[in-house]
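Trainee: Count along the sequence shown starting at 1, add 91, and that's the number in the working numbering.
Even for Gly, the Cβ is constructed at its ideal location relative to N, Cα and C.
Keep in mind it's a predicted model, so treat the numbers as computed, not measured.
Quick one: the structure is below, questions incoming.
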Amino acid sequence: MQIPYSQTPRTREAQSATSAGQYRTLWRWHFYAGLFVMPWLMVLAITGTLYVFQPQIEPWLYHDRMVVAASTSPRLSEQALMDRAAASLPAGSKISSVEVNRDPKRSAEFIFRLSNGERESIYVNPYTGTVLGTLSVERRLMKQARALHRSLMLGKPGEWLMELAGCWTLVMLATGLALWWPRAGATWATALRPRLPLRGRALLRNLHGVAGFWLAAGGLAFVLTGLPWSGSWGAQFKALATKAGMGSPAGAWGEALVRSQLPAKPMKMDDLPIAQIPWAVGNTTVPVSALPPASKTSSAPGMNDMASMTGMTHGDANEHTGHEGHEGMGSMGMSPASLYAQGALPVDDIMAIAARHGVQSGYSLVVPSRPDGVYTVSYFPADPRDERTLHIDQYSGKVLQDIDYTAYGAVAQAISYGTSLHMGKYFGVANQWLCALISMGLFAMAATGAVMWWMRRPARSLGAPSRPQARPPMRGWTIGMFALGGLFPLMGATMVLVWAGDRLVFGRRTRG
């Protein structure tokens, strides 16, 4: 009986060579992706773990300022507390925002911009009016952790670098799973659990592969929920989703429900001096208050004076727009006394309006920085369905815009859920620990990858896996890489660089 063609020794040898060639090609790309991703993945893992535990870490770290003894005495008015905070600061300090927290064991927090441009949080006992202390907004631990997580504190270049790290993590995960996948003779039972009798580099490699399988879904979720916040791809993705009617609500990207009448670019939500703004509303336009009759006759000169005094036009802040780039507000703002002297409603009245609209506690209240500015309530809770943004006329108390979850497009709604999960907020402490477990697992993956590379790396050599002499058929992978490069153009450009470097610099070492 003739042996079927597929079973001939020559065919089996060819299939084996093809499989080995595919394996070495995938290993090579996994190596390049891992070598680039490793240090940044470690930074993301550590800073991300710190940040998800912010609700526990900050009250412990700054206990003397953030925590007070609950009292049966009534709270002082928010206006009185703000005045106490302002009185403790140097002349020229301007109120920026209020962190509204009605927890009876938490102090009142007011954020001021000092004359040197820095922002300072002032903590006041809500029952006695005693100023408990201050914290620099820019230098507090969680601000630093978040800045490292987003941009390595390097501005735009850092944002691009971390975006690339996220994109290349996708390549690392996909090729890693392919390398781990059980082959002929292997069983799923052995593939899914570590082989502890192994020793040395063999044990590390086995642990690396098995842990990679169990962490792959979490790593993928982190990347996909984090990239919409990135400075390059995320901004373009938001614009595309909005144009398709699936992103930001009406009022985004210049299509404002209420427009500024000034001949300048309108202010966006991302220009406001608050750290956390829902993804869907970051590019919505902030409306303006109607100036009271006594002010209208001098509104134009008044605004010109404000512009010359601050050195900014209405649209200048947009040059600094970003999820954390609110320093574009510069020296704009007013002291509490000047704010109310021009007829603005007290903060307590605005808080009452927010409460009537269902926003009671745990939100940021941005104070008007100009005569035509508005009070903005930004509520970013654990459940995305409760997210709320209110813009309130500072003189009349009229709610000019009320944006909730139902106004978001389908993409924005999905990203809101993803963000809440990514930040460890959606299902409480369990969500925090799940995020920490995935993050620390990814840290361990990066660490073991680095150790294995160092153990196998020849002296004075990069140590890339050898390339097969003949190019193996990998049509599906090639299409996938082209699709990934097209979806993430910044990554696509670096793919070309890696491919060229592999061919011209690191490609001499081959294996048949």
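(1) State the DSSP-derived secondary structure class of Ser212, mapped to helix, strand or coil.
(2) Let me make sure I understand the geometry here. Which of Leu245, Pro559, Trp120, Tyr142 has the alpha-carbon closest to that of Met514?
(3) Can you tell me whether DSSP reads Thr278 as helix, strand or coil?
(4) Compare the beta carbon distance of Trp272 and Gly303 with 9 Å and say whether it is the shorter of the two.
(5) For Phe471, which of Gly540, Gly453, Gly183 has the nearest alpha-carbon?
(6) Taking the alpha carbon of Val159 as the reference point, which residue from Gly267, Gln145, Arg193 has its own alpha carbon closest?
(7) Apart from the five residues on each side of it in sequence, which residues of its chain come closer than 7 Å, Cβ to Cβ, to Pro181?
(8) Around the Cβ of Thr375, are there at least 16 other Cβ atoms within 10 angstroms (buried) or fewer (exposed)?
(9) Could you tell me whether the stretch 118 to 133 touches the stretch 255 to 271, using the rule of 3 or more Cβ pairs below 8 Å?
(10) Counting C-beta neighbours from all protein chains within 10 Å, is the total for Gln327 16 or more, i.e. buried, or is it exposed?
(11) Between which two residues does the alpha helix (DSSP H) holding Ser429 run?
(12) Please state if the CB of His299 and the CB of Val134 are separated by a distance shorter than 9 Å.
(13) Would you mind sorting Met582 into buried or exposed? The rule is 16 or more other CB atoms within 10 Å of its CB.
(14) From Val589, Trp151, Ser187, Thr140, pick the residue whose C-alpha is nearest to that of Ser455; which is it?
(15) Go to Gln492, then tell me how far its beta strand (DSSP E) extends in each direction, as first and last residue.
(16) Could you tell me the distance, in whole angstroms, from the CA atom of Tyr517 to the CA atom of Arg476?
(17) Comparing alpha-carbon positions, which option in Val189, Leu315, Ala503 lies nearest Leu578?
(18) Relative to the C-alpha of Arg296, which residue among Arg551, Pro556, Gly540, Gly571 is closest?
(19) Quick one: is Ser389 buried, meaning 16 or more other Cβ sit within 10 Å of its Cβ, or exposed?
(20) Using the beta-carbon count (16 or more within 10 Å), is Lys334 buried or exposed?
(21) Between Gly488 and Leu436, which are expected to be in contact by the criterion C-beta below 8 Å, what is the C-beta distance as a whole number of angstroms?
(22) Output the residue ranges of the beta strand (DSSP E) runs that lie fully inside the stretch 195 to 246 and measure 3 residues or longer, sorted by chain position.
(23) For Ala408, count neighbouring Cβ atoms within 10 angstroms of its own Cβ and tell me buried if that reaches 16, exposed if not.
(24) Per the contact definition of three or more C-beta pairs closer than 8 Å, is the stretch 213 to 222 in contact with the stretch 457 to 473?
(25) The beta strand (DSSP E) that contains Asp484, what's its start and end?
(26) For Ile606, which residues in the same chain have their Cβ closer than 8 Å to its Cβ, ignoring the five residues on either side in sequence?
(27) In angstroms, rounded to a whole number, what distance separates the CA positions of Leu172 and Ser179?
(28) Is Ala473 a contact residue of the ligand MN, with contact defined as CB to any heavy atom under 8 Å?
(29) Looking at the unbroken alpha helix (DSSP H) that takes in Leu508, where does it start and where does it end?
(30) Identify which residue in Ala501, Gly500, Gln523 has its Cα closest to the Cα of Ser511.
(31) Reducing DSSP to helix, strand and coil, say where Arg193 ends up.
(32) Cβ of Pro288 within 9 Å of Cβ of Val301?
(33) Look at the Cβ atom of Ser164, then the Cβ atom of Met253, and state whether they are nearer than 9 Å.
(34) 9 Å is my cut-off, CB to CB: does Ser206 come that close to chain D?
Mentor: The short version:
(1) strand
(2) Tyr142
(3) coil
(4) no
(5) Gly453
(6) Arg193
(7) Leu205, Ser206
(8) buried
(9) yes
(10) exposed
(11) 427 to 432
(12) no
(13) buried
(14) Ser187
(15) 490 to 495
(16) 11 Å
(17) Leu315
(18) Gly540
(19) With a pLDDT of only 46 at Ser389, under 50, the local geometry of the prediction cannot be trusted, and no value is derived from it.
(20) exposed
(21) 5 Å
(22) 199 to 204, 210 to 215, 222 to 227
(23) Low confidence applies to Ala408: its pLDDT is 35, below 50, so where it sits in the model is not reliable, and the reading given next is rough at best. Result: buried.
(24) no
(25) 479 to 484
(26) This structure cannot speak to residue 606, because the chain is shown only from 92 to 603.
(27) 11 Å
(28) Ligands in the displayed structure: none, and consequently the ligand MN is not present.
(29) Inspection of the sequence shows that residue 508 is occupied by Tyr rather than by Leu. 501 to 513 is the span of the alpha helix (DSSP H), which, as asked, contains Tyr508.
(30) Gln523
(31) coil
(32) no
(33) no
(34) The structure shown has no chain D; it contains just one protein chain.
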